[in-house]
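Structure record follows, encoded as structure tokens.
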Amino acid sequence: METRIAVCPGSFDPITLGHLDIIRRAATLFDQVIVLVVINPSKTPSFTPEERVEMIRKSVEGMPNVKVDAYCGLLIDYVREKGAVAIVKGLRAVSDFEYEFQMALTNKKMLPYAETVFLTTSTQNMYLSSSLVKQVAMFDGDITDFVPRAIYNEVRERLCKKQGGPQ
Ligand code: PNS
């Protein structure tokens, strides 16, 4: 039987509990999920692609059908290369919609057989974003409810000014 693969792309700078919830739910819908750290050369992320991949790997431990990878290029080229059938994205609020809709339509135009599947975020994660997590961590705020337990210390050590992070 055909293995139905989905790609879950993003910056993941860093992965949040919101991302993890979407990944977990995608893993119940598809045979295999590839969480893809998309490298955008025009962005200046806080964590290197290798660090982001490693943090995701730690967070998805125990999810046997979830893999992690990094890629620099057009998402649909990666999707085609892996024989994936879907791109999975999380939608938090109306504010996400226009940008995501535009990306989904562009990707559909370029690779018509691949569907973009939107999963609505769980209510407890509606407000979560990587950039907010970084702001809170930078000023020594509590990020327990925002990031996977497995990466809590690493995010704080890297970002918190009091813990020797960037000044
Ligand atoms: O976490 P983000 O920053 O919202 O993720 C956006 C991402 C990486 C999924 C998106 O920018 C993307 O797919 N980039 C890859 C380049 C590409 O394929 N661009 C055309 C899409 S319309």
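348 is the number that the working numbering gives the last residue of the sequence shown; the numbers go up by one with no jumps.
Glycine included, every Cβ here is placed at the ideal spot set by N, Cα and C.
Only a predicted model underlies this, so the values are computations on that prediction, with no experimental measurement involved.
The residues V188, I268, L292, A295, in chain order, have a CB closer than 7 Å to that of V260 in the same chain once the five nearest residues on each side in sequence are set aside. Excluding sequence positions up to five before and after S303, its CB lies within less than 6 Å of the CB of D202, all in the same chain and listed in chain order. In the structure shown, A251 falls within a strand segment according to DSSP collapsed to helix, strand and coil.
By the Cβ neighbour-count rule, N306 is buried, with 16 or more other Cβ atoms within 10 Å of its own. For I237, the enclosing alpha helix (DSSP H) begins and ends at 230-240.
Rounded to whole angstroms, the separation of the alpha carbons of N334 and M236 is 11 Å. Scanning its chain for C-beta atoms nearer than 8 Å, with the 5 sequence neighbours on each side dropped, one finds around L272 the residues F278, E281, F299, L300, T301, T302, in chain order.
Taking 8 Å as the cut-off, the beta carbon of T297 is found no closer than this to the beta carbon of K290.
Within the same chain, Cβ atoms closer than 8 Å to the Cβ of E242 are found at A331, the five residues on either side in sequence being excluded. For the ligand PNS, residues qualifying as neighbours are P190, G191, S192, V219, L255, L256, M284, T287, where qualification means a beta carbon closer than 5 Å to at least one of its heavy atoms (chain order). Ranked by how close their Cα comes to the Cα of L198, the residues S240, E232, A318, V247 have S240 in first place. The alpha carbon of A274 has as its nearest neighbour, out of G191, S310, K342, the alpha carbon of S310.
Put simply, the backbone Cα of I215 is about 14 Å away from that of R233.
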